[in-house]
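Numbering (our numbering), first residue to last: 235 to 962.
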Amino acid sequence: MAETHNLSASDHSSLDQSSFSRSGNRSLRVAEQEKRKKEAEEPFVLALKYFSDVEAGTPVTGNDDFEKNLELVEKEAYSRGLSPEAISLMLEFAMSLRMGNTPCVRVLKCLIPASVVPQEAVVRAVVWLNVGTMPVGTQILFIKWVLTMFDMIDGKDRLRAIYGFIFSFVMDENLCPFICHLLYLLTRKESVQVFRVRKLLELQSKLGRQPFLLHLLSLYKVFRPELVLLSVPSRMRSGFRNHISPWKSALIAVQKRNGLQAASSISLAFTNKEKNTSRKRKHGHLDLPMLSAAVNRDPQSESFSRELVPMVQITCFAQMLQNMHRIELPAQMGSLLGSSLALQYLDCVQDESALLRLNFWLGSALQEEFLFAGDGGATQNSEEALQFLNKLLSAQDFLQEGFSSSEAFLYKFLNVWDGALLRPQILGLLSHVPVIPSSQIKRLLFEPLMQLFFTSSLFFKCGLMECLNSMLSKWLTWHSVYALEDDLDISLNSHTSINMTLTGFKDSVMELIDFVGHLASVGLQLEDSHSLLLSFILDFYETVCDTFLKYGLPLVVMPPPGVFYPALFATDPVSVDRLAYIMHRYKVNLTSAKSQEQLGASFRISRQTFREFNQYLINMVNCLWNSKMIQPGTGVQLGEELLLRSGVPQHWMSFDLVRHPAFMGYAFDFHQKCWPDRKDTDLNSIKQNSKAWSWYVEYLLNQGFDGLKLFVQTNITRQLPAGDVQDK
């Protein structure tokens with residue numbers, strides 16, 4: 235009986251538990267139904283339902299329901315952003331023009347996505363463009379919205395599938411600039427067809443060489459060079475304008491409220507800022523996007539995604555080599571600047587389409603923040619600009635060449651630059667500028683730099699000299715690397731088609747050297763031959779003196795008198811020593827060029843260059859060695875009256891190796907060591923005694939003046955004291 239009683243109690247317990255479970259499930263279902271009913275009754279959901287169900291032709295004027303519901307949608311869009319479903323519904327309502335054009339414009343302006351934009355909704359909206367009842371201004375507004383949200387669209391395959399339909403709108407002159415921009419972003423190799431190239435060329439003959447057409451044609455030429463025979467200029471201003479759209483600042487605000495990070499699967503080209511500012515144009519163009527996959531792919535494209543490896547998944551150089559032809563570039567090309575592996579890939583593969591995309595992004599960022607940001611751009615956030623330019627410089631140093639977009643930016647920026655804002659970074663970018671044709675170099679480079687040089691401080695002058703020296707070194711290096719021995723044509727940039735003849739290259743180099751010579755001569759006068767400025771100038775001429783032997787360029791250019799004589803009469807021995815080394819290298823280069831010329835070489839060094847060198851050499855030997863400075867027949871003369879008024883005794887000896895201001899300290903030290911018992915110092919005794927003179931020369935040359943030592947050894951024959959060999 236006890237056992238039976240226990241079983242009965244257990245059964246009762248099971249029944250009670252089952253009854254409680256059923257009751258609990260019923261309660262959950264009721265709660266869920268009430269929750270759904272409450273959500274369905276929420277004002278925003280009801281507003282979306284209104285726009286989903288509203289019939290075509292419903293009047294707008296006096297329609298309070300429309301105004302109330304649209305205000306709810308706008309409030310939600312600007313506060314938290316719209317979900318993908320809401321974007322689809324509202325975009326369909328707007329583009330179908332159910333209630334006319336005015337509501338369409340208002341809806342388009344408030345389409346701020348909270349996460350992503352459904353590709354299918356964009357495709358349907360593009361199809362509505364062909365209906366023909368939508369005003370051109372509204373069509374342009376929609377395309378601007380697509381361009382702004384392009385990186386947030388959750389796929390591009392269906393958009394590329396209607397590439398031909400989108401292309402048909404290029405014949406509309408009003409839409410053409412924006413359609414070309416959209417096509418530029420969508421173009422793949424299979425998109426480039428003969429009839430499309432013909433259409434663009436036909437349009438160009440009608441509208442002229444518009445930048446937006448040239449940029450799209452340049453991309454076509456990259457993919458199918460055999461179809462685009464048009465010569466695309468190597469230097470074009472930015473082809474696609476960065477329009478100040480009403481969506482960018484709203485997107486930033488929504489991102490900030492939602493706490494989205496830049497490293498999300500869909501990265502914005504403009505990330506939110508922690509700093510508050512009242513400026514209107516602060517959109518943060520200088521932030522480098524994070525390296526991320528191109529887009530989120532849908533299940534239908536899984537097989538395709540397995541064939542490609544996103545760049546973000548590449549972690550080492552060996553992995554990059556294994557997947558070299560399967561790497562998928564990121565959606566935002568600006569992210570390449572922050573990854574050394576991505577730059578290595580870019581340098582190895584030399585994907586011209588990737589470079590075009592990167593240059594477009596970079597050009598837009600530079601121009602928006604530096605050229606058009608008078609009301610609050612990089613000048614107001616120098617730390618942000620500093621980091622951006624340092625990243626850009628690091629990338630250019632890695633690639634060992636500059637980007638064409640930064641080059642185009644510099645030509646404009648130099649005309650408005652004050653010479654102080656981010657000076658090291660701007661000069662660093664300037665040093666990467668490739669060779670400029672001699673017909674354009676004065677307008678693009680020399681005129682703005684000359685104004686800055688003569689109105690800026692000593693330190694700017696030194697920085698500019700260093701920059702121009704680096705620029706010349708890169709030009710000469712590009713020549714020595716890319717010169718073709720057969721036709722002497724040179725490709726100066728591995729990523730662009732900048733070709734010129736050897737004569738054209740020499741003309742550009744000559745223009746640069748002459749320009750620096752002019753700046754140096756006047757700059758030394760303005761700064762009283764400051765030793766720091768003179769040092770940077772001599773750095774430049776150390777590069778110039780070896781153009782023939784070191785870089786293989788049949789060109790020798792002598793420094794102007796305004797540089798040579800301040801260096802010869804400098805008060806510091808380092809400058810005189812460096813001048814001696816430069817003259818030694820000039821002699822070696824000219825001697826080699828002369829010997830090759832005698833052997834039948836096709837080039838000739840100007841006779842004038844030899845005459846200038848010989849005159850400098852004679853003056854230098856007469857000054858330092860022969861003690862015949864400022865005497866008739868030596869090339870450097872002063873009036874007798876002026877010399878008499880100076881009161882300098884034996885003025886012709888004032889700049890020899892004993893009395894030269896740069897070496898007089900060494901002469902006094904030598905005199906004390908040679909004649910320690912003398913109470914009076916007579917420097918004339920050093921030259922009057924042949925042994926003392928020879929010992930002094932040895933003493934001086936052993937103080938580390940290697941340039942002076944080479945100069946003496948190659949240009950002066952002297953008799954050493956007995957026991958020493960004769961040094962020729």
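Backbone N, C-alpha and C fix where the C-beta goes; we use that ideal spot for every residue, glycine too.
The model shown is predicted, which means the values in this text are computed figures rather than measured ones.
Candidates the options, of which the one nearest residue i by Cα
i    : options                : result
N364 : V351, V808, L393, I400 : I400
W379 : F680, N823, I413       : I413
V583 : T372, L596, E562       : E562
I374 : I396, E354, V351, V404 : V404
F457 : R912, I548, R422, D581 : R422
H449 : S425, K440, L417, Q427 : L417
F187 : Q674, L768, N853, L409 : Nothing about residue 187 can be reported from this structure: the residues present for the chain run from 235 to 962 only.
F837 : F782, R819, L891       : F782
C338 : T367, L648, S317, E354 : T367
M898 : L934, A926, N923       : L934
G938 : Y312, A835, A814, F798 : A814
P564 : G757, Y312, L419       : L419
C779 : S769, E407, E602, M792 : M792
V294 : E310, P277, T336       : T336
N853 : N949, S628, M684       : N949
Q353 : P318, G757, G371       : P318
N557 : S573, Y579, M567       : Y579
L965 : D903, N492, L661, S861 : Residue 965 lies beyond the stretch modelled for the chain, which goes from 235 to 962, so this question has no answer here.
F680 : L692, S691, L664       : L664
Cutoff 8 Å; reference residue i; Cβ partners in own chain excluding five residues on either side
i    : result
E273 : With a pLDDT of 49 at E273, under the threshold of 50, the predicted position of this residue should be treated as unreliable, and no value is reported.
F774 : M699, L702, N703, L706, V750, A754
T292 : F300, R332, M333
L605 : F643, K646, F647, V650
T372 : N335, C338, V339, L342
Buried/exposed call for residue i, threshold 16 Cβ in 10 Å
i    : result
A801 : buried
G296 : exposed
K907 : exposed
H713 : buried
P668 : buried
M389 : The sequence given here places Gly at residue 389; Met does not occur at that position. Buried, by the Cβ-count rule.
M744 : exposed
K676 : exposed
S829 : exposed
S826 : exposed
Q842 : exposed
S242 : For S242, the pLDDT reaches just 48, beneath the cut-off of 50, and the residue's location in the model is therefore unreliable, although a value from the coordinates is still provided. With fewer than 16 other Cβ atoms within 10 Å, it is exposed.
P411 : buried
Close beta carbons around residue i, own chain, < 6 Å, minus the five adjacent residues each side
i    : result
D721 : Any answer about D721 is weak, because its pLDDT of 42 lies below 50 and its placement is not dependable; what the coordinates show is given next. Correct list: empty, nothing qualifies.
G315 : I346, P347, A348, V488
G796 : S755
M383 : V351
F770 : C696, M699, E700
E641 : V667
E407 : none
L686 : G653
G442 : none
A311 : C344, I346
Sequence-distant residues of the same chain with beta carbon closer than 7 Å to residue i, five excluded per side
i    : result
L464 : L435, L451
F285 : N303, L323, M324, F327
F844 : L824
L590 : S452, L453, V456
V431 : Y454, L461, V462
L710 : T781, Y785, L787
A225 : With the chain covering only 235 through 962, there is no way to say anything about residue 225.
Alpha helix (DSSP H) runs contained entirely in the segment 335 to 361, provided each spans 4 or more residues | 335 to 343
Could you say if the segment 760 to 767 and the segment 733 to 741 meet the contact criterion of at least three C-beta pairs nearer than 8 Å?
-> no
Taking one C-beta from the segment 695 to 712 and one from the segment 762 to 782 each time, how about it: are there three or more such pairs within less than 8 Å?
-> yes
Looking at C-beta atoms only, is the number of pairs between the segment 646 to 656 and the segment 587 to 594 that lie closer than 8 Å three or more?
-> no
Meets three-Cβ-pair contact criterion under 8 Å: the segment 933 to 946 and the segment 804 to 821 | yes
For the segment 765 to 824, which segments carrying the alpha helix (DSSP H) assignment without a break, of at least 4 residues, lie completely within its bounds, in sequence order?
-> 765 to 778, 795 to 802
Run through the segment 644 to 677 for me and flag every whole beta strand (DSSP E) of 3 or more residues, listed as ranges in chain order.
-> none
Can you give, in chain order, each stretch of the beta strand (DSSP E) that sits fully within the segment 376 to 441 and has at least 3 residues?
-> none
Could you tell me which uninterrupted alpha helix (DSSP H) segments, each at least 4 residues in length, are contained entirely in the segment 572 to 609, listed from first to last along the chain?
-> 574 to 583, 586 to 600
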